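Chains A and B are the protein sequences, given in the same order. Sequential numbering from 353 applies to the first sequence in the numbering used here. Sequential numbering from 20 applies to the second sequence in the numbering used here. Structure first, then comments.
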Amino acid sequence: MAPNKQLQLAYGLAIVLFVIAVIGYAGYSAKTPDPPLRMMYPTNAGKVLFDHQTHLGAAGYALACSDCHHHPPGMEENWACGDCHGKPEQHEAIAETCNQCHDPADYDLAEIVKRSDAFHDQCIGCHRQYGAGPQACNACHVL
Amino acid sequence: MSDAPKLIVSHAPFLHGGGSIVVRNGQVLLALIPAAICGMLRWGVPALAVIALSVSSAMAWELIFNRISRRPVTIGDGNAASLGLVLALVLPATVPWWMVVAGTFLAVVIGKEIYGGIGANPFNPVVVSVAILGISWKGYMDFDAMLLTYDPGFVMMEPLTAAKAFGTEAVARFSAFDLLMGRQAGAIGAPFGFWLIVGGIYLVACGVVRWEIPASFLAAVALVAAAFHLSNPQLYAGPMFHLLTGYTLIGAFFLAPEDSGSPVNFWPMLIYGGAGGLMTVLIRNIGAYPDGVIYAVLVINLINPLVDKIRPKALGRAA
Chain A
353 MAPNKQLQLA
363 YGLAIVLFVI
373 AVIGYAGYSA
383 KTPDPPLRMM
393 YPTNAGKVLF
403 DHQTHLGAAG
413 YALACSDCHH
423 HPPGMEENWA
433 CGDCHGKPEQ
443 HEAIAETCNQ
453 CHDPADYDLA
463 EIVKRSDAFH
473 DQCIGCHRQY
483 GAGPQACNAC
493 HVL
Chain B
20 MSDAPKLIVS
30 HAPFLHGGGS
40 IVVRNGQVLL
50 ALIPAAICGM
60 LRWGVPALAV
70 IALSVSSAMA
80 WELIFNRISR
90 RPVTIGDGNA
100 ASLGLVLALV
110 LPATVPWWMV
120 VAGTFLAVVI
130 GKEIYGGIGA
140 NPFNPVVVSV
150 AILGISWKGY
160 MDFDAMLLTY
170 DPGFVMMEPL
180 TAAKAFGTEA
190 VARFSAFDLL
200 MGRQAGAIGA
210 PFGFWLIVGG
220 IYLVACGVVR
230 WEIPASFLAA
240 VALVAAAFHL
250 SNPQLYAGPM
260 FHLLTGYTLI
270 GAFFLAPEDS
280 GSPVNFWPML
290 IYGGAGGLMT
300 VLIRNIGAYP
310 DGVIYAVLVI
320 NLINPLVDKI
330 RPKALGRAA
């Protein structure tokens, strides 16, 4: 093939591929399914990959949403865990969001555990109760 | 002294073998197409978008640099396209567009053009790019985090990360056949070992890749992994696992044997490939990173000029 033809072919290929890329990125980006399949928690003690589908699905443990997720009575909105169970430094500030619906006299802020403790209690507690699933730190955390 | 002729060389004109830079890059592209197709079928349109953007932006960077440096336009030789395709196949399918563009800039401009273009780069341009991307945007090179939206029906935990964090108990969840056929979480094309082997053998048959480098690379991976596994079977995965996971096969056939970064003599090629395989498993088993291929190839690119000094003694006597 003559060099001129090679160059024309290269220009044509680059333009076509660029158009495909623009269409692909603009129209077909991967979307998070609802409910999610897996969730990644990047923690200070190494990331944790949580298999949400295995806990939820009929082929897995077939848990109901309310077996793990809990909300104060009457709260309809789908809040994230961290909205109430904040990080230590955000704890009080985030817990203030609870006061939008609740009377502060109804609860003690100190009783709202931070998110990492809530997750640890939830995961390890359930795994202990049913004698299945990881319980050691390095069985979940990628250290 | 024997009168038997030791070396016979005919004089010019020579018969042209038909090889050229264009043909060689065409062969590399052809060898990678099966893995690229498998990647697109597995990861869908996002993988197609990454491949298309990587190839086109690699060609665009080369064109821009050609213009800036006032040199002839070289994108017709297919080298930028093949660099773009190799880079795409080692990235996650959901990698953001700007990181692909940054990656091709690093490969084509920083990895190749600033040294003088094709044949002058001391390191494999794609390896330079992936090493910088991995350090700069670690989260986007984390296959576990980047593939959360996919449910392809097999264990979606990156095997090397699982092995490093959870030991061989986690490795038992992966069968060798599944790993060979690409049924593992990973990059767009790197997990499809079978098709990479087919493509690699094709390149060896074409003479683009010398068999000594991939053979010694893979043999060293197998031997060193076997030694670790025998020393502690609970902690270290076996040789088959290391051969079929991560970047091992794409590294052996498409990264380590890159033209200007690899040696040309027999023993140097064996040492070069063997050192790459050794470093890969050392980094995986006792280093900080789950996969060691990228840094192993960087290291062997570095020692390439040194090992290539080992060469047959010249006939005659030096003055």
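Virtual Cβ for every residue (Gly too), placed ideally from N, Cα, C. The structure presented is a predicted model; accordingly, all values stated were derived computationally and were not measured.
For Val-400(A), the residue or residues it bridges with in DSSP: Tyr-393(A) and His-493(A)
Proximal chain A residues relative to Thr-113(B), where beta-carbon distance stays under 7 Å: Ala-382
Burial state of Cys-436(A) (16 or more Cβ within 10 Å): buried
Classification of Gln-203(B) by the beta-carbon crowding that lies within 10 angstroms, buried from 16 upward: buried
Contact under 7 Å by Cβ, Val-240(B) with Val-149(B): no
Glu-1(B), DSSP secondary structure in three states: For chain B, the structure presents residues 20 to 338; residue 1(B) sits outside this window and is missing.
At least 3 beta-carbon pairs within less than 8 Å: the region 34 to 42 of chain B vs the region 173 to 192 of chain B: no
Buried versus exposed, by CB contacts within 10 Å (16 or more), Val-243(B): buried
Residues that Pro-355(A) contacts on chain B, provided the C-beta gap is smaller than 8 Å: Gly-95
Gly-293(B) (DSSP reduced to helix, strand or coil): helix
Proximal residues of chain B, C-beta to C-beta of Pro-385(A) below 7 Å: Thr-168
CA-to-CA distance, Ala-491(A) to Pro-331(B), given in whole angstroms: 53 Å
Chain-ordered neighbours of Tyr-413(A) on chain B, where CB pairs are closer than 8 Å: None at all; the shortest Cβ gap to chain B is about 17 Å.
Partner residues on chain A for Ser-75(B), Cβ-Cβ distance less than 9 Å: Leu-365, Ala-366, Ile-367, Val-368, Leu-369, Phe-370, Val-371, Ile-372 and Ala-373
Residues near Leu-222(B) by beta carbon distance below 6 Å, same chain, minus five either side: Ala-50 and Val-228
Nearest candidate by alpha-carbon position, reference Pro-388(A), set Gly-398(A), Tyr-377(A) and Phe-402(A): Phe-402(A)
Beta carbon proximity, Trp-116(B) to chain A, threshold 7 Å: yes
Under 9 Å from the C-beta of Phe-193(B): neighbouring residues of chain A: Near Phe-193(B) there are no residues of chain A at all, since even the closest Cβ is about 15 Å away, more than 9 Å.
Cutoff 8 Å; reference Pro-347(A); Cβ partners in own chain excluding five residues on either side: Past the boundaries of the shown model lies residue 347(A); chain A is included only from 353 to 495, so the question cannot be answered.
Contacting residues, own chain, Cβ-Cβ under 8 Å from Ala-100(B) (five flanking each side not counted): Asn-44, Leu-48, Val-74, Ala-77, Met-78 and Ile-94
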